[in-house]
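S.K.: My questions will all concern the structure given below.
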Amino acid sequence: MEVSELLKKAANFESLTVAEGVFLYNNAPLTELMYVADGLRKIQVPHGKVTWQIDRNVNTTNVCVANCKFCNFFRIPGHAEAYITEMPVYRKKISETLRYGGDQLLLQGGHHPGLGLEFYTSTFRQIKEEFPTIKLHALGPPEVAHITKLEKSTHREVLMALKEAGMDSLPGAGAEILIDRVRRLISKGKCGAQEWLDIMHEAHKLNITTSATMMFGHVETIEERFEHLVKIREVQSRKPAEAKGFLAFIPWTFQDVDTLLTRIRGVHNLTTADEYIRMIALSRIMLPNVKNIQASWLTVGKQTAQVCLHSGANDFGSIMIEENVVSAAGAPHRFTYKTIQDAIRDAGFEPQLRNQQYEWREIPEMIEEQVVDY
Ligand code: SF4
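The numbering of the sequence shown is my numbering, which starts it at 600 and goes up by one.
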């Protein structure tokens, strides 16, 4: 194997194997990976702008029985701080989101042992009835798996019911690393790798748009990261021709502050900026069938994310008016609708507001700058 040969294959949009990806990771100079990934981005996203979004992460409940070792957000059933979000809270948060220029809630929560399909469908219906324009980017494969198990139903039936009730798209949450060895160590209570992939494939068959993620920098090997990427690519290659499938891939780093994984197992996130940029470039290279690659400024910070825009990434994600899960494990970075655009311009690109379908939006004329209070 030679770096130059593999980069030539990558530049021609050929699919690299796990071994080839690992070889590039270990042997290719970062500048060469950046150059090739940037070239691919220019072909796949020829408008050259960097897209961003305004939405708000709202949590349906913090009650969870999955017990992920990297999560400081959840509370066990019966805990004094356990909550289920009620309509008055949604009303307040959606009204604020609209004032801040947002068009969507990213709705996620724990695996509550007592909340089945009816809870989610009635919540979605109620929100859509009162706020017909708000989009719901809701749940994720682990929650769909949990609801399916509670209901003794099928993924397809659960997804169809959620879609019918108002779910507009399915986030790629809870992927972590799609290898069961890793999942047993960090998120044993969540669905396994194959079930995560099966749910996404089912969503694609129902023409529900999705995204995919990877949380790395904990107990996984480099090879396992590349197996994860190839699994995402394979599911995308099996989507029906008319379906959008995975609209984006978002790799982000494990946040280790006060997590069980760090306190009990001594696992720290040692990902350097160089390593994150390398993974962004290789994500673009390994996923020729996923158009949008997002840099996770929330976990790696502004400067590293800006370099990623020259390394294959074309999207800066959302300003996240509210975020409680990753932030609870230490992610300290924040943007407003003004500062995210400044950061994109400083990196040499024109910012473009988008929605979850990657369609462009005008920035609303009457927009308030939010007070960052989470
Ligand atoms: S990451 Fe999600 S599934 Fe895991 S413990 Fe936290 S809330 Fe539960």
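Glycine included, every Cβ here is placed at the ideal spot set by N, Cα and C.
Helix, strand or coil for S614, going by three-state DSSP, please let me know.
M.R.: Residue mapping note: residue 614 aligns to position 15 of the sequence shown, counting from 1. The answer is coil: DSSP assigns S614 none of H, G, I, E or B.
S.K.: Which residues in the same chain have their Cβ closer than 7 Å to the Cβ of Q725, if we skip the five residues on either side of it in sequence?
M.R.: Translated into the one-based positions of the sequence shown, residue 725 becomes position 126. The answer, listed in chain order, is M686.
S.K.: Taking 7 Å as the limit between beta carbons, can you name the residues of its chain near R674, skipping five residues before and five after?
M.R.: Position 75 of the sequence shown, counted from the first residue, corresponds to residue 674. Within the same chain, R674 has close Cβ partners N661, V662, E680, A681.
S.K.: Quick one: complete beta strand (DSSP E) runs, 3+ long, within the stretch 821 to 864?
M.R.: Segments of the beta strand (DSSP E) lying fully in the stretch 821 to 864: 845 to 852.
S.K.: Would you mind reading off the limits of the alpha helix (DSSP H) that contains R755?
M.R.: Taking the sequence shown and counting its residues from 1, the one referred to as residue 755 is at position 156. From DSSP, the alpha helix (DSSP H) with R755 extends over 754 to 764.
S.K.: Take the Cβ of W896 as the centre, count every other Cβ of all protein chains shown within 10 Å, and call the residue buried at 16 or more, exposed below.
M.R.: For the purposes of this step, residue 896 is identified with residue 297 of the sequence shown, where counting begins at 1. Looking at its Cβ environment, which holds 16 or more other Cβ atoms inside 10 Å, W896 is buried.
S.K.: Exposed or buried, R782, counting other C-beta atoms within 10 Å across all chains shown (16 or more means buried)?
M.R.: For the purposes of this step, residue 782 is taken as the residue at position 183 of the sequence shown. Label assigned to R782: buried.
S.K.: K843: beta carbon under 8 Å from a heavy atom of ligand 1?
M.R.: Along the sequence shown, one-based indexing puts residue 843 at 244. Because no heavy atom of ligand 1 lies under 8 Å away, the Cβ of K843 does not count as near it: no.
S.K.: Please return the same chain residues whose Cβ sits closer than 6 Å to the Cβ of H736, not counting the five positions on each side in sequence.
M.R.: As a working note, residue 736 is residue 137 in the sequence shown. Q703, L705, S768, P770, Q955.
S.K.: Is G900 helix, strand or coil by DSSP?
M.R.: Here the question's residue 900 lines up with position 301 in the sequence shown. Here G900 sits in coil by DSSP.
S.K.: Taking only runs that begin and end inside the stretch 645 to 689, name each unbroken alpha helix (DSSP H) of 4 or more residues, in chain order.
M.R.: Whole alpha helix (DSSP H) segments, 4+ residues: zero.
S.K.: Only counting the same chain, and skipping five residues up and downstream in sequence, which positions put a Cβ closer than 8 Å to that of N868?
M.R.: As a working mapping, residue 868 is identified with position 269 in the sequence shown. For N868, where only same-chain residues beyond five positions count, the Cβ hits under 8 Å are G816, H817, T852, F853, Q854, D855.
S.K.: Is I962 buried or exposed, if buried means 16 or more other CB atoms sit within 10 Å of its CB?
M.R.: Within the sequence shown, numbered from 1, the residue matching residue 962 stands at position 363. I962 is exposed by the Cβ-count criterion.
S.K.: If C790 and A744 are in contact, beta carbons under 8 Å, what's the gap, nearest whole angstrom?
M.R.: Here residue 790 refers to the residue found at position 191 when the sequence shown is read from its first residue. Here residue 744 refers to the residue found at position 145 when the sequence shown is read from its first residue. Confirmed, about 4 Å.
S.K.: Give me the Cβ distance between L886 and F848, rounded to the nearest whole Å; I'm assuming they're in contact under 8 Å.
M.R.: One-based indexing of the sequence shown puts residue 886 at position 287. One-based indexing of the sequence shown puts residue 848 at position 249. Yes, they are in contact, since the Cβ atoms of L886 and F848 sit about 6 Å apart, within 8 Å.
S.K.: Less than 9 Å between the beta carbons of R824 and L632, yes or no?
M.R.: The sequence position of residue 824 within the sequence shown is 225, counting from 1. The sequence position of residue 632 within the sequence shown is 33, counting from 1. No. Outside cutoff.
S.K.: May I ask whether a heavy atom of ligand 1 can be found less than 8 Å away from the beta carbon of S926?
M.R.: One-based indexing of the sequence shown puts residue 926 at position 327. The answer is no for S926.
S.K.: Straight-line CA distance for D873 to F718?
M.R.: Taking the first residue of the sequence shown as 1, we reach residue 873 at position 274. Taking the first residue of the sequence shown as 1, we reach residue 718 at position 119. If you take the alpha carbons of D873 and F718, they lie about 44 Å apart.
S.K.: Along the chain, where does the beta strand (DSSP E) that runs through K787 open and close?
M.R.: By one-based count along the sequence shown, residue 787 stands at place 188. Element bounds for K787: n/a, residue is neither H nor E.
S.K.: Does the distance from the C-beta atom of R690 to that of I920 stay below 9 Å?
M.R.: Indexing the sequence shown from 1 puts residue 690 at position 91. Indexing the sequence shown from 1 puts residue 920 at position 321. No, the Cβ-Cβ distance between R690 and I920 is not below 9 Å.
S.K.: What does the Cβ neighbour count give for P741, buried or exposed, with the cut at 16 atoms within 10 Å?
M.R.: Here residue 741 corresponds to residue number 142 of the sequence shown, with the count starting at 1. With 16 or more Cβ atoms within 10 Å of its Cβ, P741 is classed as buried.
S.K.: With a threshold of 8 Å, establish whether the CB of S786 neighbours any heavy atom of ligand 1.
M.R.: Against the sequence shown, residue 786 aligns to sequence position 187. At least one heavy atom of ligand 1 is nearer than 8 Å to the Cβ of S786, so yes.
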